[in-house]
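Q: Sequential numbering from 392 applies to the sequence shown in this note's numbering.
Using N, Cα and C, we set each Cβ at its ideal position, and we do this for glycine too.
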Amino acid sequence: MCPSTPAANATVFLGMITPAGQVAYVTPQLPADVALATADPDRPVESQLRLAGPCVTTSCGFWTGAHCGLGERLAASYQETTGETEAELPRCAIRRSCRWYAEQGRSACAACSYVVTDAR
Ligand code: SF4
Numbered sequence: 392m393c394p395s396t397p398a399a400n401a402t403v404f405l406g407m408i409t410p411a412g413q414v415a416y417v418t419p420q421l422p423a424d425v426a427l428a429t430a431d432p433d434r435p436v437e438s439q440l441r442l443a444g445p446c447v448t449t450s451c452g453f454w455t456g457a458h459c460g461l462g463e464r465l466a467a468s469y470q471e472t473t474g475e476t477e478a479e480l481p482r483c484a485i486r487r488s489c490r491w492y493a494e495q496g497r498s499a500c501a502a503c504s505y506v507v508t509d510a511r
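1) Between the Cα of Gly412 and those of Cys393, Thr402, Leu440, Arg434, spot the shortest distance and give me the residue it belongs to.
2) What does a CB cutoff of less than 6 Å around Gly460 pick up in its chain, not counting 5 residues either side in sequence?
3) Would you report the Cα separation of Ala501 and Ala430, rounded to the nearest angstrom?
4) Which residue comes first and which comes last in the beta strand (DSSP E) that contains Gly418?
5) Can you look up Gly512 in the DSSP assignment and give me helix, strand or coil?
6) Do the CB positions of Ala415 and Ala398 come within less than 9 Å of each other?
7) With Arg486 as the anchor, note down where its alpha helix (DSSP H) starts and where it stops.
8) State buried or exposed for Pro394, treating a residue as buried only when at least 16 other CB atoms are found within 10 Å of its CB.
9) What's the call for Ala443, buried or exposed, on a 16-neighbour Cβ count within 10 Å?
10) On a Cα-Cα basis, can you pick out the residue from Arg464, Ala401, Gly406, Glu463 that is closest to Ser504?
11) Kindly identify the DSSP beta-bridge partner or partners of Leu512.
12) Please state the DSSP three-state secondary structure of Arg464.
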């Protein structure tokens, strides 16, 4: 599952973006429609919510041909910036099916909470 997908592809409401720009994860898992119905229509929904949905592999610009290049970049950049490779895992509803976690492990989760899909 892609943990940072546009609303049009979303099936799961992963969390809210807080005023500080971090994700407040929602557990247990909720359908994306629940959150989409409450989003402010005057702002891009992906700037308010983190949404997850099926990974579209070759239809995504981040797909390298073998894995998600965005998850890889995020994990590497978090490690470079903080020097940390192991951080406390957030309580996240999709961990068992998350592509970033499957490919990058715990360092993906550490970086994940700072990702805003549409940061306009
Ligand atoms: S990277 Fe980690 S915290 Fe983010 S969605 Fe995947 S499993 Fe959840």
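A: Walking through what the data contain:
1) Residue Leu440 is the option with its Cα nearest to Gly412.
2) Phe453
3) Take the alpha-carbon of Ala501 and the one of Ala430: they are about 26 Å apart.
4) Per the sequence presented here, residue 418 reads as Thr, with Gly not at that position. Start and end: 414 to 422.
5) Residue 512 lies beyond the range of the chain shown here (392 to 511); nothing can be said about it.
6) no
7) Looking at the DSSP string, Arg486 is not in any alpha helix (DSSP H), and its letter there is neither H nor E.
8) buried
9) Flag for Ala443 reads buried.
10) Gly406
11) Only positions 392 to 511 of the chain appear in the structure, and residue 512 is not among them; the question remains open.
12) Note: Arg464 maps to helix in three-state DSSP.
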